Each structure stands twice: as C-alpha cells, then as structure tokens.
Amino acid sequence: SQQGEEDPQALSIQEGENATMNCSYKTSINNLQWYRQNSGRGLVHLILIRSNEREKHSGRLRVTLDTSKKSSSLLITASRAADTASYFCATDEVTGFQKLVFGTGTRLLVSP
Amino acid sequence: EAQVTQNPRYLITVTGKKLTVTCSQNMNHEYMSWYRQDPGLGLRQIYYSMNVEVTDKGDVPEGYKVSRKEKRNFPLILESPSPNQTSLYFCASSSVGGFSSYEQYFGPGTRLTVT
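Quick note, the sequences are listed as chains A and B, same order. Using the working numbering, the first residue of the first sequence is number 2, and each one after it goes up by one. Using the working numbering, the first residue of the second sequence is number 253, and each one after it goes up by one.
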C-alpha cells in the first residue's frame with residue numbers, strides 16, 4: 002500500500018537555487034523519514050522527523066511536518082550538482098509495527 | 253565500516269530456475285527487510301524480519317521466501333522465478349526499539365532479470 006505521495010514527480014533547477022519537495026500521506030504516523038537515491042543505487046537516510054516535531058534541520062536540509070494536513074516538505078538550500086538524485090519520503094504508520102511505507106519519489110536534477 | 257551487502261549485484265536467469273539473493277549486515281541490527289523497486293511504483297516491501305527465526309510478509313510476498321537463521325543474514329529465495337519478478341531488489345536493516353521505526357540502512361541493490 003502506498004502511503005506517501007511526493008510532489009512534484011520531477012524537479013529541474015540550477016546550482017545555487019533551493020529545491021522543495023513535498024510529501025502527503027493518509028494515516029497517522031509515528032515518524033516520517035526522507036531518503037535519497039542516486040541512480041540505481043541503495044537509498045541513503047537523510048533525516049527522521051517524529052510526529053511531535055514540526056521542523057528539523059540537518060546541514061542544508063530542512064524538513065517540516067504538519068500532522069494536521071498530513072504533509073511534509075524537504076527543502077534543500079543552495080543546491081549543488083551532487084544533489085541530483087531521487088528523494089523519497091517514508092512513513093512509519095502507527096498501525097504498522099516498525100514498517101516503513103515509501104512514496105514514489107521526486108527526481109531532482111541540479112544543473113551546473 | 254557499517255554496511256549492508258548484497259550478492260549478486262546483477263543476475264540474469266531463466267523462468268523457473270531457483271535462485272537466492274544473499275543479504276548480510278554488520279551492525280547487529282534486529283530488523284531486516286527486503287524491498288523491490290519498480291518504475292512508477294516506488295519501493296514495496298516483500299518480507300521483513302524482527303529477529304532470528306521471526307519473519308513476516310510485507311506487501312508483495314507472493315513468489316518469494318526468506319529465512320533468518322542468523323542475525324546478520326537474511327537471504328531472499330525465489331523458488332521458481334517468473335518474468336514479473338524482474339526488478340531491482342534492496343535489502344535493508346535497522347535497530348528496533350518501542351513501536352516506531354529507526355533509520356534503515358540499505359544495501360547497494362540487486363538487479364534481477366528473469367527471461
């Protein structure tokens with residue numbers, strides 16, 4: 002079952018610009034996680050935000066969570082070409098013990 | 253170095269020929285999981301394991317088997333592969349604690365083609 006839906010599906014920006022990706026989900030969650038995937042490779046964990054948190058930062062990453070709207074956003078500031086990748090949100094549903102449900106991802110292209 | 257390893261990385265096989273994809277982690281994680289990734293469908297969970305000898309079905313378990321005899325290893329078995337199992341497969345592991353999940357560590361992936 003698909004929980005998270007990312008928006009947009011694809012995003013193309015220039016180096017130095019900010020990139021914002023959104024994730025919407027359907028049910029109550031324990032936490033929401035963001036992952037990055039370089040083409041065809043394994044996913045890399047970026048950040049985890051718990052349901053009682055509203056905002057979290059990690060380096061150039063800023064994640065927000067609005068549980069009333071069942072949505073989250075990932076902001077990458079001052080993008081670099083190396084940020085080119087697919088980004089996935091994953092939700093930990095309250096009813097699913099330890100289970101992460103992944104969205105279909107946003108493909109980000111950062112051009113030099 | 254903390255890592256999840258998978259073998260093989262690439263595999264082309266024929267319908268019906270049994271195969272096993274191995275997965276091993278060196279972080280002493282209790283939780284391990286298998287996913288498949290298909291275009292437009294994201295990652296879907298096949299099976300997961302909470303600890304040794306404890307496994308359960310994910311969202312798409314049909315046609316797959318798993319075992320967890322040792323904490324570090326979680327092989328994925330396709331007894332009779334079919335073309336619709338052509339996909340990119342990922343193994344992942346994480347710690348457990350309470351009811352909520354922790355960050356998952358992913359292997360590099362196994363690209364399987366069944367002809």
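Backbone N, C-alpha and C define an ideal beta-carbon position, used for all residues, glycine too. Bear in mind the structure is a predicted one, so any value in this text is a computation, not a measurement.
In summary, the residues of the stretch 15-40 of chain A whose CB is separated from some CB of chain B by less than 7 angstroms are N31, N32 and Q34, in the order they occur in the chain. Between the beta-carbon of B/T367 and that of B/I264 there is about 7 angstroms, and that keeps the pair under the 8 angstroms contact cut. With a threshold of 8 angstroms between beta carbons, B/G315 makes no contact with chain A.
The stretch 79-95 of chain A makes no contact with the stretch 301-310 of chain B: fewer than 3 CB pairs, one atom from each, lie closer than 8 angstroms. With its beta carbon at least 8 angstroms from every one in chain B, A/D8 lies outside the interface. For A/S87 against A/G106, the beta-carbon gap comes to about 4 angstroms, under 8 angstroms, which counts as contact. Within chain A, not a single residue places a beta-carbon under 7 angstroms from that of B/S339; the smallest gap is close to 12 angstroms. Neighbours of B/Q297 across chain A, judged by C-beta separation under 9 angstroms: K100, L101, V102 and F103. At a C-beta separation below 8 angstroms, A/L49 has these neighbours in chain B: Y354 and E355. In the displayed model, A/D93 falls within a strand according to three-state DSSP. Taking a C-beta distance under 8 angstroms as the contact criterion, B/S285 and B/Q277 do not qualify as a contact pair. For B/Y262, the nearest beta carbon of chain A is not closer than 8 angstroms to its own beta carbon. If you check the CB distance, A/R55 and A/V45 do not come in under 8 angstroms. Think of a sphere of 8 angstroms around the beta carbon of B/P360: the chain A residues whose beta carbon falls inside it are R42 and G43, in chain order. 8 angstroms or more divides the Cβ of B/Y341 from the Cβ of B/V256. Taking CB atoms only, B/V306 has no neighbour in chain A less than 8 angstroms away. Among the residues facing chain A, B/L293 is included, as its CB has a counterpart in that chain under 8 angstroms away. Taking 8 angstroms as the CB threshold, B/F326 stays off the interface with chain A.
In the three-state reduction of the DSSP assignment, A/D84 falls in the helix class.
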